[in-house]
Amino acid sequence: MTKNVILSVNNLKRHFDVGRGQKLKAVDGISFDIMRGETFGLVGESGCGKSTAGRTILGLYNKTDGEVLYEGQSIHDMTDNERYRFLKKMQMIFQDPYASLNPRSTVYEIIAEPMIVHKMYKTQEEMRARVHELLEDVGLNRDHANRYPHEFSGGQRQRIGIARSLALDPDFIIADEPISALDVSVQAQVVKLLQRLQREKGLTYLFIAHDLSMVKYISDRIGVMYLGHMVELTSSKQLYDKPLHPYTEALLSAIPIPDPDIEESRERILLKGELPSPINPPSGCVFRTRCPYAMEVCGELKPKWLEKEKGHFVACHLHDAEVMKRSDAVREAVGSS
């Protein structure tokens with residue numbers, strides 16, 4: 009692990025036993041590194057496994073295989089004391105800002121709870137001052153501390169969730185679709201808040217979302233997931249300027265363009281069929297049943313994880329020169345017979 013890597017995910021798998029000897033392969037062998045201070049976006053359709061990946065990385069789910077290293081230490085092999093200290097460094101912002109907040113607790117109690125568990129302050133006055141400081145950090149005021157979650161709007165509740173995630177002064181935050189349940193106008197406010205907090209506190213984010221248009225503005229690099237697999241990974245700019253995987257192309261083509269003339273004339277890539285079941289995924293390339301460029305080899309071989317350009321990785325036979333050369337040779341042989 010290089011000096012600037014804060015989190016390293018290596019061939020991570022998380023399978024669920026669904027009975028009758030069947031396994032739901034929610035995450036099936038993904039690998040990536042996250043650099044200290046960056047925002048790494050993880051995107052894909054609902055059901056692709058990105059939220060499961062986030063929860064497994066944090067240790068909320070046990071891994072099936074692979075490893076997750078935080079500052080060189082395996083998260084899933086930690087002792088209870090090591091995990092107790094680790095949880096101060098990595099926290100999570102959940103998708104639903106209402107379901108993740110205890111409706112019977114005041115905002116003060118919600119934010120102060122992790123401080124109490126980790127015995128961060130000796131006096132109530134110190135802890136209360138810290139709670140008030142966190143509320144102001146996320147754009148609320150100290151008067152909100154005595155209210156209950158149901159008294160707030162969705163955007164305000166998400167701010168409370170963000171304040172709670174900051175209570176232990178973490179270095180790394182997993183934001184699991186933190187804006188998907190919010191109105192569009194509020195989404196931009198929350199993203200700007202996260203960016204400001206990152207600058208001020210030196211935070212590192214794993215930002216999980218299905219909306220590529222918003223991920224573009226907050227992420228330094230983006231990994232694209234499909235049916236439990238990572239299919240492409242590169243910088244945010246490179247992904248939007250030059251996507252390599254057909255699935256990424258389809259996701260980008262679905263983003264509306266705020267110009268009616270361009271929007272009306274541009275060609276949208278429509279994927280055929282439904283998302284396959286992760287219980288019985290397709291053989292070879294898992295995307296082949298919906299891919300407009302699917303070839304015979306796609307059903308036979310799993311694509312290799314290739315670095316096509318510096319820092320731009322893709323898993324697709326279309327970009328594997330060796331596979332394409334062999335496919336051309338087969339086509340020529342069939343055509344001449």
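With our numbering as the guide, the letters of the sequence shown map in order to residues 9 to 345. Note that CB positions come from ideal geometry on N, CA and C, so glycine has one too.
Of the choices the options, whose alpha-carbon is the least far from that of residue i?
i	options	result
Ser54	Glu282, Tyr225, Glu90 and Phe321	Glu282
Val294	Asn19, Lys21, Asp36 and Gly74	Asp36
Thr96	Met128, Asn70 and Asp104	The question names Thr, yet the displayed sequence has Lys at residue 96. Closest option to Lys96, Cα to Cα, is Met128.
Met238	Ser16, Ser39 and Lys33	Ser39
Lys310	Glu317, Val331 and His320	Val331
His23	His320, Ile287 and Glu315	Ile287
Val51	Gly45, Trp313 and Ser59	Ser59
Gln99	Thr87, Pro122 and Glu79	Pro122
Gln132	Asn19, Tyr116 and Glu144	Tyr116
Arg150	Val139, Ala61, Lys318 and Pro157	Val139
Asp177	Ala189, Ile187 and Gln206	Gln206
Gln195	Thr212, Asn19, Gly162 and Tyr213	Gly162
Asn18	Lys31, Glu46 and Thr64	Thr64
Ala183	Phe215, Leu190 and Glu159	Phe215
Tyr106	Ala189, Val125 and Val305	Ala189
Ala34	Gly45, Val13, Cys56 and Arg136	Cys56
If residue i sits next to residue j, beta carbons under 8 Å apart, how far is it from one beta carbon to the other, in whole angstroms?
i	j	result
Arg167	Leu201	7 Å
Lys21	Asp85	Lys21 to Asp85, Cβ: 16 Å. No contact.
Val322	Glu240	5 Å
Gly169	Ser108	6 Å
Gly67	Arg28	With 8 Å as the limit, Gly67 and Arg28 do not qualify as a contact, their Cβ atoms being about 28 Å apart.
Ile263	Ser221	5 Å
Glu308	Gly292	5 Å
Ile42	Thr242	About 14 Å; that fails the 8 Å criterion.
Tyr248	Leu260	7 Å
Buried or exposed: which applies to residue i, given that a residue is buried once 16 or more other Cβ atoms fall within 10 Å of its Cβ?
i	result
Gln372	Lying outside 9 to 345, the shown extent of the chain, residue 372 is not represented and no answer is given.
Arg298	buried
Glu271	Note that Glu271 scores 48 on pLDDT, short of 50, meaning its location in the model is unreliable and no value can be drawn from it.
Val342	Here Val342 scores only 47 on pLDDT, less than 50, and its place in the model is too uncertain to base an answer on.
Pro251	buried
Asp328	buried
Gly210	exposed
Ser244	buried
Asp25	exposed
Lys208	At residue 208 the sequence reads Glu, which differs from the Lys that was named. Result: exposed.
Tyr1	Because the chain in this structure spans residues 9 to 345, residue 1 falls outside the shown range and cannot be described.
Lys130	exposed
His152	buried
Ile181	buried
Val199	buried
Val192	exposed
Glu185	buried
Arg165	buried
Thr87	exposed
Val223	buried
Gly49	buried
Lys333	exposed
Tyr301	exposed
Starting from residue i, trace the beta strand (DSSP E) in both directions and tell me its first and last residue.
i	result
Ala323	Segment: none, Ala323 is in no beta strand (DSSP E) and carries neither H nor E.
Met198	Residue 198 is actually Val in this sequence, not Met. Run containing Val198: none in the beta strand (DSSP E); it sits in the alpha helix (DSSP H), Val192 to Lys209.
Thr256	Run containing Thr256: none in the beta strand (DSSP E); it sits in the alpha helix (DSSP H), Pro254 to Ser261.
Met123	Careful: Met123 lies outside any beta strand (DSSP E), inside the alpha helix (DSSP H) at Val115 to Val125.
Val4	Only positions 9 to 345 of the chain appear in the structure, and residue 4 is not among them; the question remains open.
Met43	Gln30 to Met43
Leu283	Leu283 -> no beta strand (DSSP E), and no H or E assigned at all.
Arg155	Counting along the chain, Arg155 falls outside any beta strand (DSSP E), and DSSP gives it neither H nor E.
Ile216	Thr212 to Ala217
Gln99	Met98 to Ile101
Arg22	Val13 to Gly27
Leu314	Leu314 to Glu317
The alpha helix (DSSP H) spanning residue i covers which residue range?
i	result
Thr64	Lys58 to Leu66
Asp88	Asp88 to Phe94
His140	Gln132 to Asp145
Tyr225	Leu220 to Ile226
Arg167	Gly162 to Ser173
From the DSSP output, read off the bridge partner residues of residue i.
i	result
Glu185	In the DSSP output, where bridge partners are listed per residue, Glu185 has none listed.
Leu309	Answer is none; Leu309 lacks a bridge partner.
Glu53	Bridge partners of Glu53: none, in fact.
His237	Tyr234
Asp243	First, the residue type needs correcting, since residue 243 is Ser and not Asp in the sequence shown. Paired residues: Arg229.
Heavy atom of the ligand COA less than 8 Å from the Cβ of residue i, yes or no?
i	result
Pro111	The ligand content of the structure shown is nil, which means the ligand COA is not present either.
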